[in-house]
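Numbering (this note's numbering), first residue to last: 155 to 340.
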């Protein structure tokens with residue numbers, strides 16, 4: 155086997171694996187944002203509907219209007235439905251699981267970058283293969299416990315990574331984030 159060709163193929167595979175894990179990481183971030191947004195919207199709707207139904211029932215006592223009774227009753231039923239939905243959907247647990255997944259994926263993303271950085275230096279093929287296997291095993295362990303993501307989160311991740319360059323810096327941009335004495339010098 156041609157070692158140079160094999161190492162080139164290995165390099166391509168590692169770049170591909172890094173891209174996939176980065177996409178997964180950002181997709182889970184977007185799914186977390188969507189889950190948190192849904193949880194927040196449902197919570198505010200519950201508060202609003204409870205307030206409207208309470209005020210509506212108090213208004214019925216004062217004004218004795220059937221229209222208010224119907225409006226308060228409908229708001230009360232919708233509020234109850236949202237309460238039941240939020241209990242059965244376990245939105246807080248979903249948010250927690252997503253955060254755990256994101257936290258577990260981040261070091262793997264960074265370790266792929268480190269492996270790619272070290273790749274062409276002194277490491278032999280066997281060492282690279284061992285580090286690759288370790289990363290694959292760690293990734294597999296995270297995926298087994300990770301909640302699924304949806305189409306919308308993937309589309310948001312695609313926009314974030316490709317268009318907004320969310321996980322990258324333009325030339326020199328990362329240097330500007332460092333104290334002046336640590337910036338790259340030519």
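Using N, Cα and C, we set each Cβ at its ideal position, and we do this for glycine too.
Where residue i sits in the DSSP three-state scheme
{"i": "residue 324", "result": "coil"}
{"i": "residue 189", "result": "helix"}
{"i": "residue 167", "result": "helix"}
{"i": "residue 183", "result": "helix"}
{"i": "residue 241", "result": "helix"}
{"i": "residue 200", "result": "helix"}
{"i": "residue 161", "result": "helix"}
{"i": "residue 316", "result": "helix"}
Residue range of the unbroken alpha helix (DSSP H) whose run includes residue i
{"i": "residue 260", "result": "245 to 272"}
{"i": "residue 299", "result": "279 to 299"}
{"i": "residue 312", "result": "305 to 312"}
Assumed close pair residue i, residue j - CB separation to whole angstroms, cut-off 8 Å
{"i": "residue 179", "j": "residue 263", "result": "5 Å"}
{"i": "residue 168", "j": "residue 266", "result": "7 Å"}
{"i": "residue 193", "j": "residue 246", "result": "7 Å"}
{"i": "residue 285", "j": "residue 269", "result": "5 Å"}
{"i": "residue 250", "j": "residue 229", "result": "Contact doesn't hold; Cβ gap of about 30 Å is too wide."}
{"i": "residue 181", "j": "residue 308", "result": "5 Å"}
Min CB distance residue i to chain C below 9 Å
{"i": "residue 180", "result": "Among the chains in the structure shown there is no chain C, since it carries only a single protein chain."}
Below 8 Å, can you find three or more Cβ-Cβ pairs linking the stretch 217 to 228 to the stretch 247 to 255? Because the criterion of three Cβ pairs below 8 Å is not met, the stretch 217 to 228 and the stretch 247 to 255 do not touch.
Would you call the stretch 194 to 206 in contact with the stretch 317 to 325, where contact means no fewer than 3 C-beta pairs closer than 8 Å? The stretch 194 to 206, when compared against the stretch 317 to 325, does not touch it at the 8 Å Cβ threshold.
Just checking, does the stretch 288 to 300 make contact with the stretch 308 to 315 on the three C-beta pairs under 8 Å criterion? No, because fewer than three Cβ pairs between the stretch 288 to 300 and the stretch 308 to 315 fall closer than 8 Å, the two stretches do not touch.
Say whether the stretch 179 to 193 touches the stretch 300 to 308, bearing in mind that this needs 3 or more beta-carbon pairs closer than 8 Å, one atom from each stretch. The stretch 179 to 193 vs the stretch 300 to 308: in contact.
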